[in-house]
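Heads up: the sequence shown is residues -33 to -1, 1 to 225, going by mature numbering (1 follows the signal peptide of the UniProt record, and there is no 0).
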Amino acid sequence: MLRQMLTRTLAAVSLVVASTAVGLVVTAGAAQADGCYTWGRQLSQGMSGEDVRQLQIRVAGYPGTGAVLGIDGAFGPATRSAVIRFQQAYGLAADGIAGPNTFNKLYALQDDDCTPVNFSYAELNNCNTTWAGGNVSAATARFNALVTMWKLQAMRHALGDRQIVVTSGFRSQACNAAVGGATSSRHLYGDAADLGAGPHSLCTLAQTARNHGFAGILGPGYPDHNDHTHVDGRPTRFWSAPNCGVGGRSMQDPLGDN
C-alpha cells in the first residue's frame, strides 16, 4: 500500500513538472514574436491576406536581380521565389513555404516597431518626426521607408552583415529644397536612401543594390553622385552608376534625383 501511494505521488509530481515544462516551451515559442507582428498560419503560394503582405514587406529585398516584389498581399510565384532566396540566405530549408523556421528568423531580424534590427525610422528621416510635408501622405512615406529598410537589411546581409551608412532618407518639400534636391526627388516619397562610403565602397553598394529590389540606383559616374550611392523605389527601373558598371553613361534620369 505504501509503495502504491508513493508511486502515485511521484507520478502526480512528474505530471505537474511535465505540464509546467510544456507551458514554458509554448511561452518561449510565442515570446519569439515581438511587439510588431505574429504570423498565425503557414503561408504558401496561392494564399492571400494581411499576413502575406507582412511577409512580402520583410522579403522585399530578395526578388532577384533587377526585379521588384509587389507588396499586394497575394502569394504568387514572385513571392515564393523571394521566400526561397531569403531561406537560402539564412541557411533554412528553401522550399518557398513560410513556416515556423522562416517566421522565427524574421522575428529575430525585427524590432517591436517592425523595422529591421539594423535600421531605424530615425535613420531614414533626419528631416522631421512626423513624416509630413512630402509628395505623399505621412503614413505612405513612413511605410515606403519601412520597405526600403527591409531591402537595405537584405543588402547588409549579402555584404557580410557589415554596416551600411545612410546619409539621407525622407525629406519634406522644405527639407528637399534646403539641400538642393530635385523637385521630383524620390526622397519626397520616403522610398529613397542615400548611402555613404564606409565598410563598403560606393560601387559595391550600387552593384549589390541590383539584387535587392531597388528600381532606382544612381552612383559614381552619374552627375552629382560621385560622393554617394542613391537607391529608391520609383515606379520604373532606372540605373546609372557608370563608373561601377551599373546602367549606362548616356541615360537621363527622368526624375532628376538628388
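Cβ atoms here follow ideal geometry from the backbone N, Cα and C, with glycine treated the same way.
Since we're looking at a predicted model, the values are computed, not measured.
- If you draw a straight line from the Cα of residue 39 to the Cα of residue 82, it comes to about 19 Å.
- Straight across, the Cα-Cα distance linking residue 144 with residue 178 is about 31 Å.
- Following the DSSP letters along the chain, one finds residue 206 inside the beta strand (DSSP E) bounded by residues 205 to 208.
- For residue 185, the enclosing beta strand (DSSP E) has its first and last residue at 183 to 185.
- For residue 61, same chain residues with a beta-carbon under 7 Å away, outside a window of 5 residues either side, are 51, 54, 55 in chain order.
- Residue 9 counts as exposed, since fewer than 16 other beta carbons sit within 10 angstroms of its beta carbon.
- Residue 19 carries a helical assignment under DSSP once its states are collapsed to helix, strand and coil.
- When the five nearest sequence neighbours on each side are left out, the beta carbons in the same chain lying within less than 6 Å of the beta carbon of residue 135 are those of 161, in order along the chain.
- At a Cβ-Cβ threshold of 8 Å, residue 101 and residue 137 count as neighbours.
- Secondary structure of residue 30 (DSSP, three-state): coil.
- For residue 146, the number of other beta carbons within 10 angstroms of its own is below 16, and it is reported as exposed.
- In this chain, residue 175 is not harboured by any beta strand (DSSP E); it is covered by the alpha helix (DSSP H) spanning 169 to 176.
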